[in-house]
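Reviewing the structure listed below.
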Amino acid sequence: MTASNRLHFSQADGQYLLSTLKGFMQSGRRINFHPTMAGSVKEAFDEGFIALKAADLDTDFVFIKQNAGRGIFGGQKSRVMTYVGSLEHDELMPSTLCKNVIMAMAAVNAVYRSQGL
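With my numbering, the residue at position 92 of the sequence shown is 75, and numbering never jumps.
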């Protein structure tokens, strides 16, 4: 984590994430911010780090927003790296590399669908 060149998650990223989590909860899926983020969600967003706990899948999802350089017109580019596993046991496996947090949450939704939930 300290060796990565992270960017902060934007307010729009946070709003989308919260609305998606709310939709998951309404559909009966038990997923929320990881307990290690209790009281520090804003700081974690500022550090480019999000951890989610999916109780019904018994797994954790971690999103890290990475610096992907500058675009042709000088705009900041980024990618969201996703990890799946157990955050408590430091057993995270790399998953997909997404263009944004929307795609990362779509990947989480795909995991739920693959499990029939």
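All residues carry an ideal CB built from backbone N, CA and C; glycine is no exception.
In this structure, the CA atom of residue 98 is about 12 Å from the CA atom of residue 41. The beta carbons of residue 14 and residue -10 sit about 24 Å from each other, so the pair does not count as a contact at 8 Å. By the neighbour-count definition (other C-beta atoms within 10 Å, threshold 16), residue 76 is an exposed residue.
Burial is judged here by how many other beta carbons sit within 10 angstroms of a residue's own beta carbon; residue 56 has fewer than 16 and is exposed. Between residue 69 and residue 43, the alpha-carbon positions lie close to 5 Å from each other. Counting along the chain, the unbroken alpha helix (DSSP H) around residue 29 starts and ends at 24 to 29. Under the three-state reduction of DSSP output, residue -4 falls in the helix class.
The three-state secondary structure of residue 5, taken from DSSP, is helix.
The beta strand (DSSP E) runs lying completely inside the segment 23 to 83 and spanning 3 residues or more are 32 to 37, 42 to 53, 59 to 69 and 74 to 81, given in chain order.
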